[in-house]
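The structure appears right after this line, and notes come after that.
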Amino acid sequence: MFKLPYLEICAEIFDRKYKNRLLQKLDIKQHKCIHVSIAALNENLVGHELKKVWREGFSLFFQFKNYSVLEINLSIAAEFEMRLQNQEVTAGLLALSFSGGQILSVKDRQQMSRFNLNPVPLTIPDVLSKEMSVDFLITLFSETEVEIKSLLIDQEVIRGIDQSYADEILWFANISPFSIVSSIPNAEVKILHKTIKYVLQDVIKQARKLDLFNNRQKGIDLLMIHNAKKKYSPTGKVIKMKRDHHITTYYTDEQTLYV
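First residue of the sequence shown? That's 13 in our numbering, and the numbers climb one at a time after it.
Below is the structure:
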């Protein structure tokens with residue numbers, strides 16, 4: 013999974029490329045992927061200029077001049093494709109046709125992506141938002157008795173951290189993924205907060221150098237710990253792996269365990 017950097021870069025590109033363009037047509041192949049009628053989508057979006065694109069959590073938000081918002085939440089198997097109107101490609105799950113012959117489509121062989129019109133704003137902080145503060149983390153950790161990795165990837169608590177970047181963050185912060193959050197000292201929580209921002213902002217910066225639209229899997233090369241191809245950490249320690257139900261964790265014994 014290479015979600016947050018991919019989506020962050022997509023948001024930047026789409027905001028530059030499609031901003032102020034008129035949405036002329038909207039095609040969607042599966043009604044199960046939307047929570048409103050196609051008629052409602054057309055009424056609220058088609059014929060309006062796109063004004064802004066941004067990422068929150070694992071979703072992209074497209075805001076139009078009439079303040080209607082389309083939320084696109086990609087499944088693990090999905091990806092975006094940009095093309096021109098005269099290019100022949102296989103049909104996507106969703107296609108947005110903008111003025112100037114520009115088409116943005118969502119390809120998803122599993123058809124698990126979801127599209128939502130005018131979603132209710134969430135109070136759960138995005139991992140890179142100002143609401144995800146040191147005080148927020150300290151309070152959250154003091155009230156919780158779960159393992160740190162489980163908390164970091166819980167999208168009902170913090171939006172935007174997946175399994176792979178949880179492992180990267182915890183290794184750089186020198187905290188074992190099996191630590192109990194309430195046992196982690198406040199001084200280490202402050203370091204963790206800085207590490208979260210640093211790791212994610214740095215990987216976004218590095219990902220900008222990659223052509224993710226032609227080879228999204230290149231993003232795996234940016235992972236130092238959560239990477240099956242690598243046997244040793246940057247400090248030379250053996251990278252270990254543990255599977256627990258649907259969670260796969262990569263770590264080293266040099267990370268401090270708090271219990």
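Glycine included, each C-beta is placed from N, C-alpha and C at the ideal position.
#### Entry: Length of the line joining the Cα atoms of Leu-149 and Gln-267
C-alpha separation (whole angstroms): 20 Å.
### Task
Check whether the Cβ atoms of Phe-76 and Asn-56 lie closer than 9 Å to each other.
Contact flag set, yes.
### Task
Output the boundary residues of the beta strand (DSSP E) element that contains Arg-67.
62-68 is the extent of the beta strand (DSSP E) around Arg-67.
### Message
Looking only at its chain, what residues have a beta carbon closer than 6 Å to the beta carbon of Asn-186, apart from the 5 residues adjacent to it on each side?
### Response
For Asn-186, where only same-chain residues beyond five positions count, the Cβ hits under 6 Å are Gln-267 and Thr-268.
### Task
Select from Arg-220, Glu-61 and Ala-23 the residue whose C-alpha is nearest the C-alpha of Asn-78.
It is Glu-61.
### Task
Determine, using beta carbons only, whether Gln-123 and Lys-15 come nearer to each other than 9 Å.
In this structure, Lys-15 does not lie closer than 9 Å to Gln-123 by Cβ.
### Task
Go to Tyr-244, then tell me how far its beta strand (DSSP E) extends in each direction, as first and last residue.
Per DSSP, Tyr-244 belongs to no beta strand (DSSP E) and is neither H nor E.
### Within 9 Å, strictly: CB atoms of Glu-83 and Leu-96
In this structure, Glu-83 lies away from Leu-96, with their beta-carbon atoms at least 9 Å apart.
#### Entry: Val-118, DSSP secondary structure in three states
Reduced to three states, the DSSP call for Val-118 is strand.
### Task
Pull up the distance between the alpha-carbon of Val-158 and that of Val-193, whole angstroms please.
Rounded to whole angstroms, the gap between the alpha carbons of Val-158 and Val-193 is 6 Å.
### Message
Taking 9 Å as the threshold (C-beta atoms), are Tyr-263 and Phe-190 in contact?
### Response
Against a cut-off of 9 Å, the Cβ pair of Tyr-263 and Phe-190 comes out as a contact.
### Query
Pick from Leu-224, Lys-209 and Asn-128: whose alpha carbon is nearest that of His-47?
Of the listed residues, the one whose Cα sits closest to His-47 is Asn-128.
### Message
Quick check on DSSP: helix, strand or coil for Phe-26?
### Response
Note: Phe-26 maps to helix in three-state DSSP.
### Query
Any contact of the region 20-28 with the region 240-251, i.e. 3+ C-beta pairs under 8 Å?
Verdict: no, contact absent.
### Message
Give me the residue from Asp-174, Arg-33 and Phe-153 with the minimum Cα distance to Ile-259.
### Response
Taking only the C-alpha atoms, the option nearest Ile-259 is Asp-174.
### Query
Excluding sequence positions up to five away, which residues of its chain have a Cβ less than 7 Å from the Cβ of Ser-154?
Hits under 7 Å: Ser-194.
#### Entry: His-238 burial status per 10 Å Cβ neighbour count (16 or more: buried)
Buried, since its Cβ has 16 or more Cβ neighbours within 10 Å.
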